[in-house]
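Peer 1: Here you go, one structure.
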Amino acid sequence: FVSSRRRHTRCSRDWSSDVCSSDLEPSDRSALHNRIAQRFDDMLAAEPSLLDEVSALRARGHLHLGLPSMRCVGYRQAWEYLDGQITRDAFREKGVAATRQLAKRQLTWLRAMPDRIVIDCLTADVAELVLKRIRPALG
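So this note's numbering is basically just the index in the sequence shown, starting at one, shifted up by 17.
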């Protein structure tokens, strides 16, 4: 997150500047992978499910896999499953793998920001840590 009061380009580690870039990163990659898999499974079990959502989009008739909106993570794999191109197990595995790849790209992008402050999203008191960091910036 970035403070909406953008006046400076660099983040002060003591949080006295108006702009501070922070990110929530997991300290344990396997825990992140487990959370991604659980979240994907939750989307499949939800009512309506990810498959219900993609089925409804397909029913519109004017959407197809060539559109950027249909190529996003999860939709593409669901579309392939609904087309009978892959099995349900392959759909789940491909969806989880694509989500993991997206998370890796996001972390790589975040790590290129040298002045960011990293907060471990796996700690039990993550909300309190975030609030502690942003309160001074909010005044």
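Every residue gets a Cβ at the ideal spot worked out from N, C-alpha and C, and that includes glycine.
What's the call for Thr116, buried or exposed, on a 16-neighbour Cβ count within 10 Å?
Peer 2: buried
Peer 1: Taking Ser47 as the reference, give the member of Ala141, Asp40, Ala129, Lys121 with the closest Cα.
Peer 2: Lys121
Peer 1: Bridge partners of Trp136, per DSSP?
Peer 2: Correcting the residue identity first, residue 136 is Ile in this sequence and not Trp. Its beta-bridge partners are Leu41.
Peer 1: Using CA coordinates, which residue listed in Gly156, Ala154, Met87, Ala141 is at the minimum distance from Leu41?
Peer 2: Ala141
Peer 1: Given 8 Å as the limit, is there contact between the region 123-134 and the region 96-109, that is, 3 or more CB pairs closer than that?
Peer 2: no
Peer 1: With distances taken from CA atoms, which of Leu119, Gln118, Asp100, Gly91 is nearest Arg109?
Peer 2: Gly91
Peer 1: Near Lys111, what residues of its chain come up, given a Cβ to Cβ distance below 8 Å and the 5 sequence neighbours on each side ignored?
Peer 2: Gln94, Glu97, Ile103
Peer 1: To the nearest angstrom, how far is it from the Cα of Ile136 to the Cα of Val147?
Peer 2: C-alpha separation (whole angstroms): 7 Å.
Peer 1: Buried or exposed for His25, please, with buried defined as at least 16 other CB atoms from any protein chain shown within 10 angstroms of its CB.
Peer 2: Low local confidence applies: a pLDDT of 39 at His25 is under 50, so the model's placement there is unreliable, with the coordinate-based value given in what follows. Exposed, since its Cβ has fewer than 16 Cβ neighbours within 10 Å.
Peer 1: Answer with buried or exposed for Leu67, where buried requires no fewer than 16 other C-beta atoms within 10 angstroms of its C-beta.
Peer 2: Residue burial annotation: Leu67 is buried, with at least 16 other C-beta atoms found within 10 angstroms of its C-beta.
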